[in-house]
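Colleague: For the sequence shown, the UniProt record's numbering assigns the number 1 to the initial residue and increments by one for each residue that follows. Cβ coordinates follow ideal geometry from the N, Cα and C atoms, glycine included. As the structure is a computational prediction, the values presented were derived from the model and not from experiment.
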Amino acid sequence: MIEPKHPWETINMDWVTGLVPGGKENLNSCLIIVDRFSKSMRFLPSNKEDTAMDTSLLFWNNIISTCEVPKIIISDRDPKFTSEF
1 MIEPKHPWET INMDWVTGLV PGGKENLNSC LIIVDRFSKS MRFLPSNKED
51 TAMDTSLLFW NNIISTCEVP KIIISDRDPK FTSEF
């Protein structure tokens, strides 16, 4: 794998599910995004029932709007990443 040369150029994305629901929205999972250059991480609370559209909005609002569009996204090919993302 090619090593990234800039922050947020290459990222890893994966879900942690099965969390105890919490907060006013009863969020029960977390999308974890890791920048492979800096090793910084973002933890985005979400719901296991979220759709691909919900996931893309979460990604847009928390990553693209504050960092940049990654050139490479590494994931486990979860349907939330591959269907409409």
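1) Measuring only the C-alpha atoms, how far is Ser29 from Pro70?
2) Let me know the secondary structure DSSP gives Ser65 once reduced to three states.
3) Here's the rule I'm using: 16 or more other beta-carbon atoms within 10 Å means buried, otherwise exposed. How should residue 87 be labelled?
4) What are the partner residues of Pro45, as DSSP defines its beta bridges?
5) Here's the rule I'm using: 16 or more other beta-carbon atoms within 10 Å means buried, otherwise exposed. How should Trp53 be labelled?
Modeller: Let me lay it out:
1) Counted from its first residue, the sequence shown places residue 29 at position 29. Counted from its first residue, the sequence shown places residue 70 at position 70. Cα to Cα, Ser29 sits roughly 23 Å from Pro70.
2) Counted from its first residue, the sequence shown places residue 65 at position 65. Here Ser65 sits in coil by DSSP.
3) Nothing about residue 87 can be read from this structure; the chain reaches only from 1 to 85.
4) One-based indexing of the sequence shown puts residue 45 at position 45. DSSP lists Cys30 as partners of Pro45.
5) In the sequence shown, the residue the question calls residue 53 occupies position 53. The displayed chain sequence assigns Met, not Trp, to residue 53. Met53 comes out exposed.
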